[in-house]
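Using the working numbering, read the sequence shown as starting at 1404 and increasing by one per residue. Beta carbons are placed, not taken as given, at the ideal position from N, Cα and C, and that holds for glycine. Please read these numbers as outputs of a predicted model, since none were measured by experiment.
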Amino acid sequence: MEALDSTLKQLQQKEVVLLHGVTGSGKTEIYLELMESIVREGKQVLYLLPEIALTAQIIHRLKERFGAIAGVYHSKFNHSERIEIWQAVKEKKYQVILGARSALLLPFADLGLVIVDEEHDYSFKQQDPAPRYHARDTAIYLARSAGAKTILGTATPSVESYFNARSGKYGYVELTERYAGMQMPDTQLVDMKQRNGKKKELHFTNDLLENIQRAKEQHQQVILFQNRRGYSPYIVCSQCGWSPQCANCDVHMVYHKAKDELRCHYCGFRQDTYHECPACSSTQLLIQGFGTEKVEDELQLQFPDLKIARLDMDAVKTKTGHERIIQDFEEGLVDVLVGTQMVTKGLDFDNVSLVGILSADQLLNFPDFRASERGYQLMMQVSGRAGRKHRQGKVLIQATNTRHPVLQYIIQHDRHAFYAEELEQRKKFLYPPFVRLIQITLKHKFQDRSLNAGYAFVQALGRIAGCEILGPVTPGIARIRGKYRSEILIKATTGALKTIKQKIRSSRKSTLSIKQFQSVEIVVDVDPV
């Protein structure tokens, strides 16, 4: 296998190698071959996945290949199970360990290789509670300290990893074709503006509905991607404009039809839904926007005899909920799988002929410098679920702004052009990988207290060579879980990182020493995502 030989050659020259392969290109098979060579040397392998739910699909392949020396570890195990696995790793009874972030803390006796699969995934970042760290970067550090090598694998690398590979810091192996000559999907843009009349009330274009019908007639399966759970993101009174807000956060409550309740997706607060406006007593409450629940409902109305399942955080309630839904889809018990980003991750289905992305605009029109990167990654990943074995799949991307550059790169399968454009923009406006970011969030139950504490923090920081300090500002969502927030963003060159970290520690101490700010919570996040 040429790709395996290239990877082995790169591993001889570099500590870290980026394996950049299109979806279905056989990256997992390369991982397995590399693991075998490490196991033959008597060393251990850590295979990291971004989410616990994905481990169930891979562990079967590892057990088939390696038998009793392959184990799995994640935070869902109870205390006694964890102790047992820790001991087995320490004594080298397990030579292959599959796990999520927490597996990085296992006491490896002789680590030879770390594989970070889907290295681009934002689930690798531990946010709350502290310590805040990125599992990919921690894995590289762990491997280096053990004298081991690291493989970063993905079809859609993070911009930082792509830059490190193309600039020569990491090794780079590219897989441009699907395994066994399988074709890449036929990807097409569908203009949402072409809907008219009653069709405008639906979230499906004629093209998408016709292709779903065709898949149904040919006994093939469909995946529909909408990266928003619930039924509707908000309810609004048509008479006075009132809309239900969370009691603890400055956000709209999301309507969930299945339980006829409103939920806050930030703090978890729930309440019964309103059937009458509390402000003007009108019963004309409009449901605005759409989530996966609404997609499921609308689709069932259009195709009453289709078996439809939903894969999102609300549908996966139990430890095995995710596995059950995936298994039903694999066994053909489900015709259409509607889901959030959970459907984009590491799934391999033989009978999916069509993938529909319901709202590309929603993914790309987000006020964040990573919006293009995230949108590109999500759409490319879910597109990769279409067409396996000997059949070309089709991907339909619904969008209002069909001329968006990211969408053009996706339909042309021109990944290098996407990364070149993204790097050019990041360099121009000073964002990673050309600088490091540090975000400081100050929280308090009073808004003026959090903002004034931010000003005091910035004043204590002063001017620092190689750093740009932005803020404090009140973010778009000012209050979460009953606390108002102000944010400071620091852009630092690599050379200034040590100095700025020292200054942050002293500024934190200085700010908290001021009596009125002693109850302010200060959170420092290096390399926020």
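Next item on the list: State buried or exposed for L1449, treating a residue as buried only when at least 16 other CB atoms are found within 10 Å of its CB.
Entry: For the purposes of this step, residue 1449 is taken as residue 46 along the sequence shown, with counting starting at 1. Taking every protein chain shown into account, the CB of L1449 has 16 or more other CB atoms within 10 angstroms, so this residue is buried.
Notebook entry, point to check: In terms of alpha-carbon separation, which member of H1463, S1570, N1567 lies closest to L1435?
Noted result: Locating residue 1435 in the sequence shown gives position 32, where the first residue counts as 1. Of H1463, S1570, N1567, the residue nearest in Cα terms is H1463.
Next item on the list: Alpha carbon to alpha carbon, how far is L1781 from H1659? Give it in angstroms, no decimals.
Entry: Counted from its first residue, the sequence shown places residue 1659 at position 256. Counted from its first residue, the sequence shown places residue 1781 at position 378. The alpha-carbon atoms of H1659 and L1781 are separated by roughly 24 Å.
Margin query: Please tell me whether P1636 and H1606 are closer than 8 Å, where the distance is taken between their beta carbons.
Written below: Here residue 1636 corresponds to residue number 233 of the sequence shown, with the count starting at 1. Here residue 1606 corresponds to residue number 203 of the sequence shown, with the count starting at 1. Taking 8 Å as the Cβ cut-off, P1636 and H1606 do not qualify as a contacting pair.
Note to self: Pull the bridge partners of I1893 from the DSSP assignment, please.
What the structure shows: As a first step, residue 1893 must be located in the sequence shown, where it is residue number 490. According to DSSP, I1893 bridges with I1841, I1872.
Checklist line | Secondary structure of D1520, DSSP reduced to three states | finding: Taking the first residue of the sequence shown as 1, we reach residue 1520 at position 117. Correct three-state label for D1520: strand.
Check: Any idea which residues DSSP pairs A1718 with across the strands?
Finding: For the purposes of this step, residue 1718 is taken as the residue at position 315 of the sequence shown. In the DSSP output, where bridge partners are listed per residue, A1718 has none listed.
Check: Looking at C-alpha atoms only, which residue of A1542, H1423, F1772 is the closest neighbour of L1508?
Finding: On the sequence shown, residue 1508 is found 105 positions in, with the first residue counted as 1. Here the closest residue by C-alpha is A1542.
Note to self: Suppose you measure from the CA of E1664 to the CA of R1673; what does that come to, to the nearest Å?
What the structure shows: Residue 1664 sits at position 261 when you count from the first residue of the sequence shown. Residue 1673 sits at position 270 when you count from the first residue of the sequence shown. Taking C-alpha positions only, E1664 is separated from R1673 by approximately 7 Å.
Check: So, using beta-carbon positions, are A1757 and A1558 closer together than 8 Å?
Finding: Within the sequence shown, the letter at position 354 stands for residue 1757. Within the sequence shown, the letter at position 155 stands for residue 1558. Rather than Ala, the amino acid found at residue 1757 in this sequence is Leu. A1558 is positioned such that its CB atom lies no closer than 8 Å to that of L1757.
Notebook entry, point to check: Would A1406 pass as a contact of L1578 if the rule is Cβ separation under 8 Å?
Noted result: Position 3 of the sequence shown holds residue 1406. Position 175 of the sequence shown holds residue 1578. Using a Cβ distance threshold of 8 Å, A1406 and L1578 count as a contacting pair.
Check: Per DSSP, what kind of secondary structure is T1676 in: helix, strand or coil?
Finding: In the sequence shown, the residue the question calls residue 1676 occupies position 273. Of the three classes helix, strand and coil, the one that applies to T1676 here is coil, per DSSP.
Margin query: Using a Cβ distance threshold of 8 Å, determine whether the segment 1921-1930 contacts the segment 1869-1880, with at least three qualifying pairs required.
Written below: The segment 1921-1930 is not in contact with the segment 1869-1880.
Margin query: Based on DSSP bridge pairs, tell me the residues matched to S1564.
Written below: Indexing the sequence shown from 1 puts residue 1564 at position 161. S1564 is not bridged to any residue.
Notebook entry, point to check: By Cβ distance, which residues of its chain are closer than 7 Å to S1913, with the 5 residues on each side in sequence left out?
Noted result: The residue given as residue 1913 occupies position 510 in the sequence shown. Excluding positions up to five away in sequence, the list reads A1863.
Checklist line | Own chain partners of G1515 with C-beta closer than 7 Å, once the 5 adjacent residues on each side are dropped | finding: If you number the sequence shown from 1, residue 1515 lands on position 112. I1441, E1444, K1446, Q1447, V1448, A1551.
Checklist line | Member of V1499, G1427, T1410, I1461 whose CA lies at the smallest distance from the CA of Q1586 | finding: As a first step, residue 1586 is located in the sequence shown; it is residue number 183 there, counting from the start. Measuring from the Cα of Q1586, the nearest candidate turns out to be G1427.
Notebook entry, point to check: Any idea what DSSP makes of H1423, helix, strand or coil?
Noted result: For the purposes of this step, residue 1423 is taken as residue 20 along the sequence shown, with counting starting at 1. DSSP places H1423 in strand when its eight states are reduced to three.
Margin query: With three or more C-beta pairs closer than 8 Å as the rule, is the segment 1764-1776 touching the segment 1726-1737?
Written below: The segment 1726-1737 and the segment 1764-1776 do not touch, with fewer than 3 CB-CB distances between them shorter than 8 Å.
Note to self: My output table needs one value for K1748: the three-state DSSP class, helix, strand or coil.
What the structure shows: If you number the sequence shown from 1, residue 1748 lands on position 345. Three-state result, K1748: coil.
Next item on the list: Tell me whether the beta-carbon of Q1801 lies closer than 8 Å to the beta-carbon of L1611.
Entry: By 1-based counting over the sequence shown, the position of residue 1801 is 398. By 1-based counting over the sequence shown, the position of residue 1611 is 208. Yes, these two residues count as a Cβ contact at 8 Å.
Notebook entry, point to check: Can you tell which of K1495, R1468, G1502 has its C-alpha closest to the C-alpha of F1480?
Noted result: Locating residue 1480 in the sequence shown gives position 77, counting from the first residue. Of K1495, R1468, G1502, the smallest CA-CA separation from F1480 is found for G1502.
Check: Are the segment 1823-1832 and the segment 1619-1626 in contact at 8 Å, needing three or more beta carbon pairs?
Finding: Between the segment 1823-1832 and the segment 1619-1626 there are fewer than three C-beta pairs closer than 8 Å, too few to call the two in contact.
Next item on the list: Have a look at D1594, P1532, A1512 and flag the residue whose alpha-carbon is nearest the alpha-carbon of D1928.
Entry: The sequence position of residue 1928 within the sequence shown is 525, counting from 1. When only C-alpha atoms are compared, the closest one is P1532.
Notebook entry, point to check: For the putative contact between E1521 and P1588, defined by C-beta atoms under 8 Å, what is the C-beta separation to the nearest angstrom?
Noted result: Taking the first residue of the sequence shown as 1, we reach residue 1521 at position 118. Taking the first residue of the sequence shown as 1, we reach residue 1588 at position 185. About 19 Å separates the beta carbons of E1521 and P1588, which is beyond the 8 Å limit, so they are not a contact pair.
Margin query: Check whether the segment 1882-1901 and the segment 1634-1651 are in contact - that is, three or more C-beta pairs closer than 8 Å.
Written below: Short answer: they touch.
Checklist line | L1452, DSSP secondary structure in three states | finding: Along the sequence shown, read from residue 1 onward, the residue named residue 1452 stands at position 49. Shown here, L1452 sits in coil according to DSSP, grouped into three states, outside any helix or strand.
Item checked: Closest residue to L1679 among S1641, D1594, Y1476 (Cα-Cα distance) -> Start at 1 with the first residue of the sequence shown, and residue 1679 comes out as number 276. Looking at the sequence itself, residue 1679 is Glu, so the reference to Leu does not match. Among S1641, D1594, Y1476, the Cα nearest to that of E1679 is on S1641.
Next item on the list: Please go through the same chain and pick out, in chain order, the residues whose beta-carbon is closer than 8 Å to the beta-carbon of Y1497, but skip the five residues on each side of it.
Entry: The sequence position of residue 1497 within the sequence shown is 94, counting from 1. Residues of the same chain with a CB within less than 8 Å of the CB of Y1497, apart from the 5 flanking positions on each side, are Q1447, I1472, A1473, G1474, I1488, A1491 in chain order.
Notebook entry, point to check: Quick one: what's R1888 bridged to in DSSP?
Noted result: What you label residue 1888 is simply residue 485 of the sequence shown in a count that begins at 1. Answer is K1846, bridged to R1888.
Check: Comparing alpha-carbon positions, which option in A1718, V1719, V1785, A1712 lies nearest G1378?
Finding: What is shown of the chain runs 1404 to 1932, which leaves residue 1378 out entirely.
Notebook entry, point to check: Could you give the distance in angstroms between the alpha-carbon of F1628 and the alpha-carbon of A1512?
Noted result: For the purposes of this step, residue 1628 is taken as residue 225 along the sequence shown, with counting starting at 1. For the purposes of this step, residue 1512 is taken as residue 109 along the sequence shown, with counting starting at 1. Going from the Cα of F1628 to the Cα of A1512 covers about 42 Å.
Item checked: Whole runs of the beta strand (DSSP E) within the segment 1454-1481, excluding any shorter than 3 residues -> If we require 3 residues or more, the beta strand (DSSP E) runs fully inside the segment 1454-1481 come out as 1473-1476.
Next item on the list: With a cut-off of 8 Å on the beta carbons, I'd call V1393 and L1555 a contact; round off their distance for me.
Entry: With the chain represented from 1404 up to 1932, any question about residue 1393 goes unanswered, as that position is not in the structure.
Next item on the list: Give the C-beta separation of Y1954 and K1417 to the nearest angstrom, bearing in mind that I take them to be a contact with Cβ-Cβ under 8 Å.
Entry: Since the first residue of the chain shown is 1404 and the last is 1932, residue 1954 is not available in this structure.
Note to self: Quick check on DSSP: helix, strand or coil for K1446?
What the structure shows: Within the sequence shown, the letter at position 43 stands for residue 1446. Coil, per DSSP.
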